[in-house]
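If you read the sequence shown in the numbering used here, its first letter stands for residue 1, the second for the next number, and so on.
All C-beta atoms in this analysis are idealised placements derived from N, C-alpha and C, irrespective of residue type, glycine included.
The model shown is predicted, which means the values in this text are computed figures rather than measured ones.
Here's the structure we're looking at; comments come further down.
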Amino acid sequence: MKGYLFIFAAVTAWALEYVLIKKAVNVINPFLAGTVIFIFVTLLLTPFILFRRNEIQSMKKAWKNILWVGIIGALCNIFWLYGTKYTSVANVSILGRTDVLFTFIFSYFVFHEKIRRIALLCVPLMLAGIFLTSSVDLRNMDIGTAGDCMIIVSAFFLSVNAYSIKKAMKDVSGIAVAFANTLINSIIFSLLALFQKDACELIPAGNIVPFLSLVFCGLFSFVFFVSYYASLKRLPVWEVRLLCLGLPVLTFIASWIFGEGFPSGVQILGSALILLGAMGIILSNSGAKVGMGHLKRIKYIFANPRKWYLHGCPISR
């Protein structure tokens with residue numbers, strides 16, 4: 001029961017992040033916004049590392065893998081923040097779930113994983129959902145808003161980083177990877193913010209609301225990381241990823257409460273197709289584990305290391 005409470009807390013915090021970031025990047029430079037968020041999260045995660053001396057030693061040994069996690073994570077977050085600025089909160093939450101599609105593609109073409117037929121049928125379903133959600137018009141060669149495209153690119157880097165994260169987690173804990181990831185992102189975003197003309201406008205025109213939105217966003221990011229990893233300790237990874245598909249629903253509700261509007265009927269239909277496709281891919285590749293005891297699940301995962309990538313964790317946000 002605790003595992004489900006933790007994942008609900010994680011997904012709720014994640015949904016609130018989307019709404020708060022949207023409010024902030026509308027008036028604050030995305031690089032500056034990212035700097036504030038990642039510095040705040042890094043500070044909150046620091047005690048978890050300082051009280052675990054073994055973690056610091058492990059991080060030193062795995063610094064190359066951790067560095068790649070941070071660099072790829074920064075690329076993911078750059079497109080994510082700028083995409084959030086130029087599209088709706090609803091589209092950010094649903095198009096971000098296309099990382100499942102990219103992960104599936106990498107598993108099939110790069111890792112040559114055997115894919116079930118039902119998973120192959122889910123691909124056109126998700127593509128149709130992307131077209132509807134992002135308003136793609138093939139007749140006029142209109143690929144939708146720039147923000148939608150950036151979110152899809154962000155999802156691509158998120159799926160790429162799943163491999164780097166899993167590789168790093170062979171030597172260090174998930175919280176340590178999250179700490180290193182946010183620390184590297186803090187440094188990269190700080191350097192990029194220095195080259196922006198509006199790098200010092202944290203409180204534009206005396207409006208403190210955007211800055212407070214970033215602070216609370218950092219707090220909710222911390223809640224997400226802690227709750228997410230707590231749920232992973234209690235639930236199988238495929239089930240956690242499946243429950244994370246409830247994110248768009250909570251985001252729609254939070255967006256409506258905060259006055260960001262509600263998605264159109266076409267967007268809701270597109271969202272449903274993307275979620276159904278993602279659900280089908282996750283379930284089709286976890287079928288061999290369903291019904292197993294916890295010990296058998298562990299044996300299965302270690303006997304099938306490539307499955308780690310297919311069921312990668314979304315911690316490079």
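The straight-line gap separating the alpha-carbon atoms of F222 and L44 is approximately 7 Å. Under the three-state reduction of DSSP, A62 is assigned to coil, being neither helix nor strand. Looking at A272, F189, L232, the one whose alpha-carbon comes closest to that of F31 is F189.
The Cβ-Cβ distance between L273 and L125 falls below 8 Å. Assigned with DSSP and collapsed to three states, M279 falls in helix. Burial of A155 is indicated by the presence of at least 16 other C-beta atoms within 10 angstroms of its C-beta.
Closest by C-alpha distance to I72, out of A180, I94, L20, is A180. The alpha helix (DSSP H) runs of length 4 or more contained entirely in the segment 181-254 are, from start to end of the chain, 209-234, 237-244.
Here L219 has F40, L44 as same chain residues with Cβ atoms under 8 Å from its own Cβ, once five neighbours each way along the sequence are excluded.
From the listed residues S58, F51, Y228, the smallest Cα separation to A9 is found for Y228. Straight-line measurement puts the Cα of K85 at about 15 Å from the Cα of C217. Within the same chain, and ignoring the five residues on either side of L276 in sequence, the residues whose Cβ sits closer than 7 Å to its Cβ are L125. For M126, the uninterrupted alpha helix (DSSP H) segment begins and ends at 117-133.
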